[in-house]
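If you read the sequence shown in my numbering, its first letter stands for residue 125, the second for the next number, and so on.
Glycine residues also receive a C-beta, built at the ideal position from the N, C-alpha and C atoms.
Bear in mind that the values here come from a model prediction, so they are computed numbers and not experimental data.
A quick write-up on the structure given underneath.
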Amino acid sequence: MKRISKLNKEFSTLGFGGASISGEGRGYGFGDISESKAEELLLLSYEHGVNIFDFAPIYGFNLAESRAGRGLKKVREKVHLISKSGVDWHDNGRVNMSNDPKIAIKMLNQSLKNFNCDYIDIYLIHWPDSNVDIRRPLEALYNEKEKGKILHLGLCNTNIEDLRKAKEVCPVEVIQMEANLFRQQTFKELDQECDESILKIGWGTYDKGILSGSVRADSKFDSSDCRSWAPWWKKSDWKDKVQFVDGVCSKMDINYAELANFALNTSQQIVDVSLCGMKTQKQLLSNLENLNTPCKGVEEVADEFTAY
125 MKRISKLNKE
135 FSTLGFGGAS
145 ISGEGRGYGF
155 GDISESKAEE
165 LLLLSYEHGV
175 NIFDFAPIYG
185 FNLAESRAGR
195 GLKKVREKVH
205 LISKSGVDWH
215 DNGRVNMSND
225 PKIAIKMLNQ
235 SLKNFNCDYI
245 DIYLIHWPDS
255 NVDIRRPLEA
265 LYNEKEKGKI
275 LHLGLCNTNI
285 EDLRKAKEVC
295 PVEVIQMEAN
305 LFRQQTFKEL
315 DQECDESILK
325 IGWGTYDKGI
335 LSGSVRADSK
345 FDSSDCRSWA
355 PWWKKSDWKD
365 KVQFVDGVCS
375 KMDINYAELA
385 NFALNTSQQI
395 VDVSLCGMKT
405 QKQLLSNLEN
415 LNTPCKGVEE
425 VADEFTAY
């Protein structure tokens, strides 16, 4: 698999999106997957060249990270683990989004416990918080970085104002943003504050299944899949997107398998690492094949999506 050199390290250009293995753990996740299958898939991904794995405590309410800690234990020093602070939850399961420094430190230590390790390779602030200056949690996390608990600090889903403030505190080494056919300009504004050394990571490569054809307008989701209950999904324009995708496929005479190829390779033109949520060996191998043999006409298909 193709690798990219950033931060004096080598990263696979395909990353494992850890929300896919959150199983029955509630929180942000995409349906059941057994403990054994999740751990087997993590190790299989590593054996096929994937070396960057993205998580957050909210993925299965700690379950996804705990599975990663077990599944990747034997290869811990050979992989890059990502986690994030800022999306916590109350005892009743209600999500609490806060960048309070105390919450950031609590979540960092929880992830270290989940992973069963003494450091995290990449640690990100998950979302902006209008009630908390981004510099406050970053200062707290930078102190933890100085202790060796974090190797690289960065931001996720950020904006230009927060990025500028963050750089006053410490180097921002990693930025993770949504990047896909619908979101091709996600880094455009940020690029004025980014240099070539920053590792760019893209999430939402298949837009939660819309860009792989696995989500249709009449799709029904299991109760353990956040798409069955999450307000942000129910209020979104996902059905309009599905209709738009169908129109593009018809116009360009492509099938859903080819669409997935275009989606992944469009992401690769935007970011250094494309995160993909995978639940089966078949999905893993399909992603690897798409990376190795991109369809011709990526730019033409990408142009069609600018009309959305």
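Next on the checklist: Going by DSSP, what residue range makes up the beta strand (DSSP E) through isoleucine 249?
Outcome noted: Per DSSP, isoleucine 249 belongs to the beta strand (DSSP E) from 244–249.
Checklist entry - CB-CB under 7 angstroms to serine 437, same chain, minus the five flanking residues each way: which ones, in chain order? => result Residue 437 cannot be examined here, being either before or after the span of the chain that is shown, 125 to 432.
Item to check | Cα-Cα separation, isoleucine 229 to leucine 265 | outcome: Isoleucine 229 and leucine 265: Cα-Cα distance of roughly 7 angstroms.
Checklist entry - What is the residue span of the alpha helix (DSSP H) that phenylalanine 239 lies within? => result Per DSSP, phenylalanine 239 is one residue of the alpha helix (DSSP H) stretching across 225–239.
Checklist entry - When the Cα atoms are used, what is the spatial distance from lysine 202 to lysine 403? => result Cα to Cα, lysine 202 sits roughly 22 angstroms from lysine 403.
Next on the checklist: Counting only C-beta atoms, is glutamate 320 closer than 9 angstroms to chain B at any point?
Outcome noted: No chain B is present in this structure, which holds just one protein chain.
Next on the checklist: So, under 8 angstroms CB-CB, threonine 329 and asparagine 304 are touching, yes? Tell me the CB distance rounded to an integer number of Å.
Outcome noted: Right, their Cβ atoms sit about 6 angstroms apart.
Checklist entry - Taking contact to mean at least 3 C-beta pairs separated by less than 8 angstroms, is the region 155–167 in contact with the region 343–358? => result With a cut-off of 8 angstroms, the region 343–358 and the region 155–167 count as touching, because enough Cβ pairs lie within range.
Item to check | 9 angstroms Cβ cutoff met for valine 296 and leucine 275 | outcome: No, Cβ-Cβ distance for valine 296 and leucine 275 is not below 9 angstroms.
Item to check | Validate contact between the region 129–143 and the region 392–399 using beta carbons, cut 8 angstroms, 3 pairs | outcome: As far as the Cβ criterion goes, the region 129–143 touches the region 392–399, which means the pair count is three or higher.
Checklist entry - Quick one: what does DSSP say glutamate 302 is sitting in, helix, strand or coil? => result Assignment of glutamate 302 by DSSP, reduced to helix, strand and coil, places it in the strand class.
Next on the checklist: Within a Cβ cutoff of 8 angstroms, which residues of the same chain sit near glycine 272, ignoring the five residues on either side of it in sequence?
Outcome noted: Here the set comprises Asp242 and Tyr243.
Checklist entry - What separation, rounded to the nearest whole angstrom, lies between the Cα atoms of tryptophan 353 and tyrosine 152? => result One C-alpha to the other measures close to 11 angstroms.
Next on the checklist: Buried or exposed, going by whether 16 or more other CB atoms sit within 10 Å of the CB of isoleucine 176?
Outcome noted: Looking at its Cβ environment, which holds 16 or more other Cβ atoms inside 10 Å, isoleucine 176 is buried.
Checklist entry - Quick one, are the C-beta atoms of phenylalanine 386 and valine 339 less than 9 angstroms apart? => result Contact check for phenylalanine 386 against valine 339 fails: the beta carbons are separated by 9 angstroms or more.
Item to check | Residue interval of the beta strand (DSSP E) (run including arginine 127) | outcome: From DSSP, the beta strand (DSSP E) with arginine 127 extends over 127–130.
Next on the checklist: For a minimum of 3 consecutive residues, which ranges assigned as the beta strand (DSSP E) are wholly contained in the region 194–220?
Outcome noted: The qualifying runs are 204–209 and 211–213.
Item to check | Cβ distance (whole Å) where cysteine 280 is taken to contact leucine 248 below 8 angstroms | outcome: The Cβ separation is near 4 angstroms, so the contact holds.
Checklist entry - Which one or two residues does DSSP pair with leucine 323 in a beta bridge? => result Paired residue(s): Val298.
Checklist entry - Can at least three beta-carbon pairs, one atom from the region 249–259 and one from the region 213–220, be found at a separation below 8 angstroms? => result Not touching, per the Cβ criterion.
Item to check | Distance, proline 418 Cα to glycine 371 Cα | outcome: Pairing glycine 371 with proline 418, the inter-Cα distance amounts to about 21 angstroms.
Checklist entry - Using the rule of at least 16 other Cβ atoms within 10 Å of the residue's Cβ for burial, across every protein chain shown, is leucine 287 buried or exposed? => result Around the beta carbon of leucine 287, 16 or more other beta carbons sit within 10 angstroms, so the residue counts as buried.
Checklist entry - For asparagine 255, which of Phe239, Ile227 and Ser222 has the nearest alpha-carbon? => result If we check each option's Cα against that of asparagine 255, Ser222 comes out closest.
Checklist entry - Whose CA, out of Leu205, Asp364, Lys126 and Asp315, lies closest to the CA of isoleucine 334? => result Here the closest residue by C-alpha is Asp364.
Checklist entry - Is leucine 409 buried or exposed, if buried means 16 or more other CB atoms sit within 10 Å of its CB? => result Counting Cβ neighbours within 10 Å, leucine 409 comes out exposed, since fewer than 16 surround it.
Checklist entry - Could you give the distance in angstroms between the alpha-carbon of glycine 142 and the alpha-carbon of valine 366? => result Using only the alpha carbons, I get a separation of about 24 angstroms.
Checklist entry - alanine 431: buried (16+ other C-beta within 10 angstroms of its C-beta) or exposed? => result Exposed, because fewer than 16 other Cβ atoms sit within 10 Å of the Cβ of alanine 431.
Item to check | Burial state of glutamine 393 (16 or more Cβ within 10 Å) | outcome: So glutamine 393 ends up on the exposed side.
Item to check | Collapsed DSSP secondary structure at aspartate 364 in the structure displayed | outcome: The answer is helix: DSSP assigns aspartate 364 an H, G or I state.
Checklist entry - Would you say glycine 337 and leucine 383 are within 9 angstroms of each other, going by their C-beta atoms? => result Yes, these two residues count as a Cβ contact at 9 angstroms.
Checklist entry - Straight-line CA distance for tyrosine 183 to arginine 127? => result Using only the alpha carbons, I get a separation of about 26 angstroms.
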